[in-house]
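Undergrad: Taken in sequence, the protein lines are chains R and W. Numbered by our numbering, the letters in the first sequence go through residues 40 to 325 in order. Numbered by our numbering, the letters in the second sequence go through residues 40 to 325 in order. Sharing a structure below in structure tokens format, with a few things to ask.
There are 2 protein chains.
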Amino acid sequence: MKLVPPGSPVVLGIGDDCAIYRPRGSADDLLFTTDMLIEGVHFERATHKAKDTGWKALARGLSDIAAMGGEPRFCLVSLCVPGWADSKWVDGFFEPIVKGPAPLVGGDLSHGNTLACDIVVCGAVPRGTALRRDGARPGDEIWVSGKLGGSALGLEAKKGKAWKRHLHPEPRLELGHFLREKLRATAAMDVSDGLSLDLQRLCLASNAGAQIDQLPVFNGASEEQALHGGEEYELLFTVRRATPVPAVAAGVPLTKIGTITPAVPGSVQYRGSVLEPHGYDHFQTK
Amino acid sequence: MKLVPPGSPVVLGIGDDCAIYRPRGSADDLLFTTDMLIEGVHFERATHKAKDTGWKALARGLSDIAAMGGEPRFCLVSLCVPGWADSKWVDGFFEPIVKGPAPLVGGDLSHGNTLACDIVVCGAVPRGTALRRDGARPGDEIWVSGKLGGSALGLEAKKGKAWKRHLHPEPRLELGHFLREKLRATAAMDVSDGLSLDLQRLCLASNAGAQIDQLPVFNGASEEQALHGGEEYELLFTVRRATPVPAVAAGVPLTKIGTITPAVPGSVQYRGSVLEPHGYDHFQTK
Numbered sequence: 040m041k042l043v044p045p046g047s048p049v050v051l052g053i054g055d056d057c058a059i060y061r062p063r064g065s066a067d068d069l070l071f072t073t074d075m076l077i078e079g080v081h082f083e084r085a086t087h088k089a090k091d092t093g094w095k096a097l098a099r100g101l102s103d104i105a106a107m108g109g110e111p112r113f114c115l116v117s118l119c120v121p122g123w124a125d126s127k128w129v130d131g132f133f134e135p136i137v138k139g140p141a142p143l144v145g146g147d148l149s150h151g152n153t154l155a156c157d158i159v160v161c162g163a164v165p166r167g168t169a170l171r172r173d174g175a176r177p178g179d180e181i182w183v184s185g186k187l188g189g190s191a192l193g194l195e196a197k198k199g200k201a202w203k204r205h206l207h208p209e210p211r212l213e214l215g216h217f218l219r220e221k222l223r224a225t226a227a228m229d230v231s232d233g234l235s236l237d238l239q240r241l242c243l244a245s246n247a248g249a250q251i252d253q254l255p256v257f258n259g260a261s262e263e264q265a266l267h268g269g270e271e272y273e274l275l276f277t278v279r280r281a282t283p284v285p286a287v288a289a290g291v292p293l294t295k296i297g298t299i300t301p302a303v304p305g306s307v308q309y310r311g312s313v314l315e316p317h318g319y320d321h322f323q324t325k
Numbered sequence: 040m041k042l043v044p045p046g047s048p049v050v051l052g053i054g055d056d057c058a059i060y061r062p063r064g065s066a067d068d069l070l071f072t073t074d075m076l077i078e079g080v081h082f083e084r085a086t087h088k089a090k091d092t093g094w095k096a097l098a099r100g101l102s103d104i105a106a107m108g109g110e111p112r113f114c115l116v117s118l119c120v121p122g123w124a125d126s127k128w129v130d131g132f133f134e135p136i137v138k139g140p141a142p143l144v145g146g147d148l149s150h151g152n153t154l155a156c157d158i159v160v161c162g163a164v165p166r167g168t169a170l171r172r173d174g175a176r177p178g179d180e181i182w183v184s185g186k187l188g189g190s191a192l193g194l195e196a197k198k199g200k201a202w203k204r205h206l207h208p209e210p211r212l213e214l215g216h217f218l219r220e221k222l223r224a225t226a227a228m229d230v231s232d233g234l235s236l237d238l239q240r241l242c243l244a245s246n247a248g249a250q251i252d253q254l255p256v257f258n259g260a261s262e263e264q265a266l267h268g269g270e271e272y273e274l275l276f277t278v279r280r281a282t283p284v285p286a287v288a289a290g291v292p293l294t295k296i297g298t299i300t301p302a303v304p305g306s307v308q309y310r311g312s313v314l315e316p317h318g319y320d321h322f323q324t325k
């Protein structure tokens, strides 16, 4: 299905963390990402306070902007409010959004049976410089920020540092800027649905395979959680071989986890075995 | 609450049909509007087919772009899909969107209990030329396109031309372009929540009052439906006194309905009496 006509100012459509739009005559490309947050699917009323829910909605969008190396410009928030959510809840929901780095410029409010939120975040990068999923080449090194598995561990344990991490993820905006401007990463995306699934997506977009040798595992998390756990908000990126990558950037540790290979596109090996993508896919698990 | 910092590329935030963003160095301003469509609130599964629902979602957004005189550039669609909606329904929903004038460049899909859709449409106008709600001045003539009350009549009758109009509204994109470029309208908006409420909003934004003398009523609709019925997708606009306005533009009849006055901001008189705003407000009627 051809959604974007040739000659369109839409540089990149569906299939990456953000769409890319090139405004007429502008020095910037604009990035657009949209994320839904549905009660009972993406959050539970019992465990997520209003401000946790608002923050999570915002963080998901900001993380996509970070993954392309962008700076946030504005956001639009639509909210469907059920009877249980009073005006205090709604105010609490919007608090972290209004305090965030992307001015709230519009949205829509409705009542309804289930709390549902949709957020669009717009970011900007200098023209032609957005980090995409499709730029990795065989021989490139694969890196990841932070430690993996913490969000999945937190969701299971519902306490401690891992739970805090699950509830209050930090989008890697400063790191994304560093990857784009200083490291000139060849590809990048955020780990939102689990490393195994997201790395497969990066490989498919780049028409390559990958080999993973090691993983930075969150303290207390299992290898399974690190490989397949979603909602990490860490950045997965590739650089040309022998690029000098610092051990820490923007306050976040960086770990080399493997190499892009010329194997069958989308195939990933982990310590010599095939790594099946078990991350979260809404329409696989439905 | 100050949402948009001074010096921001956000020219206009919450409160009009669209937000306005000015990309660095661009010849265009970009318009953004977002609209939710919730099962049981904005549409009924029993009466709206999949493609009617998709069209309605798109039409709401396009109508906001039309109201500011914009040309559609792209759209983002998020969809929360309950168990009753199979893949055939989802394909039917997206059909009018993919065929529409705004390429679909991104979105999000989730499962959930209730069908909920959120659409963002981006449009463009030459820099500084967007039609806004706040430009009307006392003495300006008030005009409206088409006939009013048809959508409300259709919703009541569920048959005939009025029902067809309710199910398949036509956003006035070509007319909006004409109002901006040729007529140089001083203010414009679409009649989405009923003339009485929407005109009050235009008057409040423009710090003025209004006096209405006559209305173009849809064949078979009541005066009440024409005054207060929502989902009209017609354009309400103002022009400087004695502007030569054609009887028909872009195939749509235009009717002068009254005059902007220096009365208390937001106060509207209809044939000598106060016109209370009885249009649809989600959080008034909740």
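Glycine is no exception: its CB is placed at the ideal position from the N, C-alpha and C atoms.
Assuming the contact rule is C-beta atoms closer than 8 Å, W:Phe71 and R:Leu115 should be a hit. Round their C-beta distance to whole Å, please.
TA: In the second sequence, residue 71 of chain W corresponds to position 32, counting from 1. In the first sequence, residue 115 of chain R corresponds to position 76, counting from 1. About 6 Å separates the two Cβ atoms, so the contact holds.
Undergrad: When the Cα atoms are used, what is the spatial distance from W:Asp55 to R:Arg280?
TA: Along the second sequence, one-based indexing puts residue 55 of chain W at 16. Along the first sequence, one-based indexing puts residue 280 of chain R at 241. Cα-Cα distance, rounded: 51 Å.
Undergrad: Measure from the alpha carbon of W:Ala124 to the alpha carbon of each residue in W:Ile296, W:Gly259, W:Trp182, W:Ala85, then state which is nearest.
TA: Taking the first residue of the second sequence as 1, we reach residue 124 of chain W at position 85. Checked all of W:Ile296, W:Gly259, W:Trp182, W:Ala85; the closest Cα to W:Ala124 is W:Ala85.
Undergrad: Within 10 angstroms of the Cβ of R:Gly79, are there 16 or more other Cβ atoms? Answer buried if so, exposed if not.
TA: Your numbering for residue 79 of chain R matches position 40 in the first sequence. That one is exposed.
Undergrad: In whole angstroms, what separates the C-alpha of R:His317 from that of R:Leu236?
TA: Within the first sequence, the letter at position 278 stands for residue 317 of chain R. Within the first sequence, the letter at position 197 stands for residue 236 of chain R. Cα-Cα distance, rounded: 6 Å.
Undergrad: Compute the minimum distance between the beta carbon of W:Met75 and the heavy atoms of the ligand FMN, and state whether it is under 7 Å.
TA: Of ligands this structure carries none, so the ligand FMN is not represented either.
Undergrad: The beta strand (DSSP E) that contains R:Trp182, what's its start and end?
TA: Along the first sequence, read from residue 1 onward, the residue named residue 182 of chain R stands at position 143. Here the beta strand (DSSP E) through R:Trp182 covers 180-184.
Undergrad: Quick one, are the C-beta atoms of R:Arg166 and R:Ala226 less than 8 Å apart?
TA: Here residue 166 of chain R refers to the residue found at position 127 when the first sequence is read from its first residue. Here residue 226 of chain R refers to the residue found at position 187 when the first sequence is read from its first residue. For R:Arg166 and R:Ala226, no; Cβs fall outside 8 Å.
Undergrad: Of the residues that make up the segment 150-172 of chain R, which ones have a beta carbon closer than 8 Å to any beta carbon in chain W?
TA: Residues passing the 8 Å Cβ filter: His150, Gly151, Asn152, Thr153, Ala155, Asp157, Val159, Cys161, Ala163.
Undergrad: Compute the distance between the beta-carbons of W:Ala249 and W:Val256, then report whether it is under 8 Å.
TA: On the second sequence, residue 249 of chain W is found 210 positions in, with the first residue counted as 1. On the second sequence, residue 256 of chain W is found 217 positions in, with the first residue counted as 1. Contact flag unset, no.
Undergrad: Helix, strand or coil for W:Lys41 per DSSP?
TA: Working through the second sequence from its first residue, we reach residue 41 of chain W at position 2. With a pLDDT of 47 at W:Lys41, under the threshold of 50, the predicted position of this residue should be treated as unreliable, though the coordinate-derived value follows. Looking at W:Lys41 - three-state DSSP - the assignment turns out to be coil, as it is neither helix nor strand.
Undergrad: Going by Cα to Cα distance, which pick from W:Glu180, W:Thr168, W:Glu270, W:Asp68 is closest to W:Gln253?
TA: Indexing the second sequence from 1 puts residue 253 of chain W at position 214. Of the candidates W:Glu180, W:Thr168, W:Glu270, W:Asp68, the one whose C-alpha sits nearest the C-alpha of W:Gln253 is W:Glu180.
Undergrad: With burial defined as no fewer than 16 other Cβ atoms inside 10 Å of the residue's Cβ, what is the status of W:Pro208: buried or exposed?
TA: Along the second sequence, one-based indexing puts residue 208 of chain W at 169. Under this definition W:Pro208 is a buried residue.
Undergrad: Report the option in W:Arg112, W:Ser149, W:Leu241, W:Ser65 whose CA atom is closest to the CA atom of W:Thr277.
TA: Within the second sequence, numbered from 1, the residue matching residue 277 of chain W stands at position 238. When each option's Cα is compared against that of W:Thr277, the closest is W:Leu241.
Undergrad: Are the C-beta of W:Arg63 and some C-beta of chain R separated by less than 8 Å?
TA: Counted from its first residue, the second sequence places residue 63 of chain W at position 24. Yes, its Cβ sits closer than 8 Å to a Cβ of chain R.
Undergrad: Give me the chain W residues within the contact set of R:Pro75, using Cβ-Cβ distance strictly less than 7 Å, ordered along the chain.
TA: Here residue 75 of chain R is taken as the residue at index 36 of the first sequence, counted from 1. Note that residue 75 of chain R corresponds to Met in the displayed sequence, not to Pro. Per Cβ cutoff of 7 Å: Ser117, Cys119, Asp147, Ser149.
Undergrad: Whole beta strand (DSSP E) runs in the segment 200-274 of chain W with 3 or more residues, listed along the chain?
TA: Within the segment 200-274 of chain W, the complete beta strand (DSSP E) runs of at least 3 residues are 226-229, 248-251.
Undergrad: Hey, out of R:Pro301, R:Leu212, R:Gly233, whose CA is closest to R:Asp103's CA?
TA: Working through the first sequence from its first residue, we reach residue 103 of chain R at position 64. The shortest C-alpha separation from R:Asp103 is found at R:Leu212.
Undergrad: Could you tell me the boundaries of the beta strand (DSSP E) in which R:Glu110 lies?
TA: Here residue 110 of chain R refers to the residue found at position 71 of the first sequence. That run of the beta strand (DSSP E) goes 110-120.
Undergrad: How many angstroms separate the CA atom of W:Lys197 from the CA atom of W:Ser245?
TA: Along the second sequence, read from residue 1 onward, the residue named residue 197 of chain W stands at position 158. Along the second sequence, read from residue 1 onward, the residue named residue 245 of chain W stands at position 206. For W:Lys197 and W:Ser245, the distance between alpha carbons rounds to 37 Å.
Undergrad: Is W:Thr92 close to chain R, meaning its C-beta is less than 8 Å from at least one C-beta of that chain?
TA: Taking the first residue of the second sequence as 1, we reach residue 92 of chain W at position 53. For W:Thr92, the answer is no, since every Cβ of chain R falls outside 8 Å of its Cβ.
Undergrad: First and last residue of the beta strand (DSSP E) that includes W:Lys88?
TA: Taking the first residue of the second sequence as 1, we reach residue 88 of chain W at position 49. Segment: none, W:Lys88 is in no beta strand (DSSP E) and carries neither H nor E.
Undergrad: So W:Val187 packs on W:Leu234, CB below 8 Å; how close in whole Å?
TA: Here the question's residue 187 of chain W lines up with position 148 in the second sequence. Here the question's residue 234 of chain W lines up with position 195 in the second sequence. It is worth fixing the name first, because residue 187 of chain W is Leu in this sequence and not Val. Yes, W:Leu187 and W:Leu234 are in contact; Cβ-Cβ is about 6 Å, under 8 Å.
Undergrad: So if DSSP puts R:Gln162 in a beta bridge, which residue, or which two residues, is it bridged to?
TA: Within the first sequence, numbered from 1, the residue matching residue 162 of chain R stands at position 123. Looking at the sequence shown, residue 162 of chain R is not Gln but Gly. Note: R:Gly162 sits in a beta bridge opposite R:Leu70, R:Pro111.
Undergrad: Spatial neighbours of W:Lys95 within its chain, please: CB distance less than 8 Å, with the 5 preceding and 5 following residues excluded, ordered by chain position.
TA: Sequence index remark: in the second sequence, residue 95 of chain W carries index 56 (1-based). Same-chain partners within the cutoff: Leu76, His81, Phe82, His87, Leu206, Pro208.
Undergrad: Please go through the same chain and pick out, in chain order, the residues whose beta-carbon is closer than 6 Å to the beta-carbon of W:Thr360, but skip the five residues on each side of it.
TA: One cannot answer for residue 360 of chain W here, as it falls past the ends of chain W, which runs 40 to 325.
Undergrad: When you compare each of R:Gly145, R:Val137, R:Ala169 to R:Gly109 by their alpha carbons, which one comes out closest?
TA: By 1-based counting over the first sequence, the position of residue 109 of chain R is 70. Among R:Gly145, R:Val137, R:Ala169, the Cα nearest to that of R:Gly109 is on R:Ala169.
Undergrad: Distance check for W:Leu192 and W:Gly199, CA to CA, integer angstroms please.
TA: By 1-based counting over the second sequence, the position of residue 199 of chain W is 160. By 1-based counting over the second sequence, the position of residue 192 of chain W is 153. Roughly 10 Å separates the two Cα atoms.
Undergrad: Along the chain, which unbroken stretches of the alpha helix (DSSP H) at least 4 residues long are found entirely within the segment 126-161 of chain R?
TA: Qualifying alpha helix (DSSP H) stretches, in chain order: 126-138.
Undergrad: May I have the straight-line CA-CA distance separating R:Leu314 from R:Pro210, to the nearest angstrom?
TA: Residue 314 of chain R sits at position 275 when you count from the first residue of the first sequence. Residue 210 of chain R sits at position 171 when you count from the first residue of the first sequence. Cα to Cα, R:Leu314 sits roughly 26 Å from R:Pro210.
Undergrad: Out of curiosity, what's the CA-to-CA distance linking R:Lys41 and R:Ser47?
TA: Numbered from its first residue, the first sequence carries residue 41 of chain R at position 2. Numbered from its first residue, the first sequence carries residue 47 of chain R at position 8. Any reading at R:Lys41 is ruled out, since the residue's pLDDT is 47, under 50, leaving its predicted position unreliable.
Undergrad: In its own chain, which residues sit with a C-beta less than 6 Å from the C-beta of W:Gly305, not counting the 5 before and 5 after it?
TA: Along the second sequence, read from residue 1 onward, the residue named residue 305 of chain W stands at position 266. Correct list, in chain order: Gln239, Cys242, Leu243.
Undergrad: Look at the Cβ atom of R:Asp229, then the Cβ atom of R:Ala58, and state whether they are nearer than 8 Å.
TA: Indexing the first sequence from 1 puts residue 229 of chain R at position 190. Indexing the first sequence from 1 puts residue 58 of chain R at position 19. Contact: no.
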